[in-house]
Amino acid sequence: MVATTIFVFLSALVGKALSSTPVCGVRGSAASSSVQGGTAQIVGGTAATPLEFPWQISLHLIQLPNTDLGHICGGSIINKQYVDTAAHCIIDGYKSPSNYMVVIGEQNLNKVDPYEKKIAVVNITIHPQWNPSTVNYDYALLKLARPLNFTGSEKALMPICLPTLNQGFDGMTCTTSGWGLTKDKSQGGTISQSLQKVDLPIVPYATCKSNYQHVNPVVEATMICAGPKAGGKGACQGDSGGPLQCARSDGRYVLAGSTSWGTTCAAANQPTVFGRISPQVNWINSVVGQTP
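Counted the way mature numbering (1 follows the signal peptide of the UniProt record, and there is no 0) counts, the sequence shown spans residues -19 to -1, 1 to 273.
Below, the structure written as C-alpha cells:
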C-alpha cells in the first residue's frame, strides 16, 4: 500500500465591516503593489507578488499560553470573519481555538510584511462528516476574533468567491498557492519562506480515482484533483488548507478546493488532491452566514 501524505507542516513542533455589495475574488498583480516579493519555490512554481492572492492566510500553531510555533497550514478568507482551511490542520492535542492564530497579509514568513496582522481564532467548525482515516470531508471553518474591515484597515485584502453549488471545473487550469516544501520531504525539500504559486490543470475525477486506485485513502467525489500528468508541479507539506483558485468568466477567482493530500509531492500521475468546495457551499453558508 502506498503511503499517503496530508500536507500539514509540523516541523515547528520539534523543540519549539463588509459593504452591502461585497467584492470577492479579484486577484492582485505586481503593478498594484510597491512591495517587492521574495524568491523561493512551491513544487515547480514561482514566487507570488505581494497580495496577489489577498484572501490567502497563514495558519500558525500556538503552544499555550503564548508561544507561536509558526506556520503549519494555509487557508482562505471567505467573508469578513471566517477562513476556510483543512480539517486535518486542526491537530490532535491542539483542538482549542486558542491554539491557532490566523496571519493575514502575509508574504514572507521570516519578516513582518506591510499588511501583515495576526488575528486570534475564537471558534473552529469541522465538517460533521470529517473522517481522518479516509481524509474525506477535509474542511474546517475558523471564526476570527474580529471582523475584517475590507473598506478600512484591511482594504488591501479581500475574500475569495465561493463557487456555486456543485460547480465543476473540468478542463480548466487553476492556481494553488502556499508556503509548503519546495520538493517532497523524502527528496530534501525545505519550507518556502515566500508565498508561492503554481498553475495546475484540473484532472477529471475518474482519471484521478484511477491514478490512486492502489492508495488508501481512495479519491472520493468530495475531492478534486489538479496537476500535470508528467508531474513536476503541485502542492506539498505546508500547503494544506490553502486555496485551489479558479478564474470564472468575469475574471474573479472562486475557491474550487482546499489542499488536502497526496503521495509523493508533484510525482507523475499523482496529482494533488484537494477538498472540493462546491458540494459544501450550503454547509459553509450555514456556518458563516453571508458570503460574497
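Just so you know, even glycine gets a beta-carbon here, dropped at the ideal spot from N, CA and C.
| query | result |
| --- | --- |
| Cut-off 7 Å between Cβ atoms - residues of its own chain near residue 99, not counting five sequence neighbours on either side | 82, 84 |
| Environment of residue 184 [buried if 16+ CB atoms lie within 10 Å] | buried |
| Residue 117 classed as buried or exposed, judged by whether at least 16 other C-beta atoms fall within 10 angstroms | buried |
| Three CB pairs or more closer than 8 Å across the segment 211 to 221 and the segment 51 to 66 | yes |
| Collapsed DSSP secondary structure at residue 83 in the structure displayed | strand |
| Those runs of the beta strand (DSSP E) which lie wholly inside the segment 241 to 270 and span at least 3 residues | 253 to 257 |
| Spatially closest choice to residue 42 from 155, 257, 74, by CA coordinates | 74 |
| Residue 175 in three-state terms, based on DSSP | strand |
| Three-way DSSP call (helix, strand, coil) for residue 166 in this model | helix |
| For residue 274, the first and last residue of its enclosing beta strand (DSSP E) | It is not possible to answer for residue 274, since the shown part of the chain is limited to -19 through 273. |
| Cα-Cα separation, residue 6 to residue 272 | 12 Å |
| Where the alpha helix (DSSP H) through residue 191 begins and ends | 186 to 192 |
| Residue burial classification, residue 296 (beta-carbon count within 10 angstroms, cutoff 16) | Lying before the first or after the last residue shown, residue 296 is absent from the chain, which here runs from -19 to 273. |
| Residue 245 to residue 165 span [Cα, whole Å] | 6 Å |
| With 16 other Cβ atoms within 10 Å as the buried cut-off, status of residue 161 | buried |
| Straight-line Cα distance separating residue 214 from residue 144 | 24 Å |
| Simplified DSSP assignment, three categories, for residue 224 | strand |
| Which of helix, strand or coil DSSP assigns to residue 206 | strand |
| Boundaries of the beta strand (DSSP E) in which residue 104 is found, first to last residue | 98 to 107 |
| Buried or exposed (CB count within 10 angstroms, at least 16 for buried), residue 48 | exposed |
| Integer-rounded CB distance, given that residue 39 should sit under 8 Å from residue 146 | Wrong, their Cβ atoms sit about 29 Å apart, outside the cutoff. |
| Spatial neighbours of residue 274 in its chain, beta-carbon cut-off 8 Å, leaving aside the 5 residues before and after | What is shown of the chain runs -19 to 273, which leaves residue 274 out entirely. |
| Close-in-space but distant-in-sequence residues of the same chain around residue 227 (CB under 7 Å, 5 per side omitted) | 150, 153, 155, 234, 235, 237 |
| Close beta carbons around residue 211, own chain, < 6 Å, minus the five adjacent residues each side | 249 |
| Backbone CA spacing between residue 243 and residue 97 [nearest angstrom] | 30 Å |
| Start and end residues, beta strand (DSSP E) containing residue 45 | Looking at the DSSP string, residue 45 is not in any beta strand (DSSP E), and its letter there is neither H nor E. |
| Residues that DSSP places opposite residue 117 in a beta bridge | 112 |
| For residue 95, the three-state DSSP class (helix, strand or coil) | coil |
| Residue 261 classed as buried or exposed, judged by whether at least 16 other C-beta atoms fall within 10 angstroms | buried |
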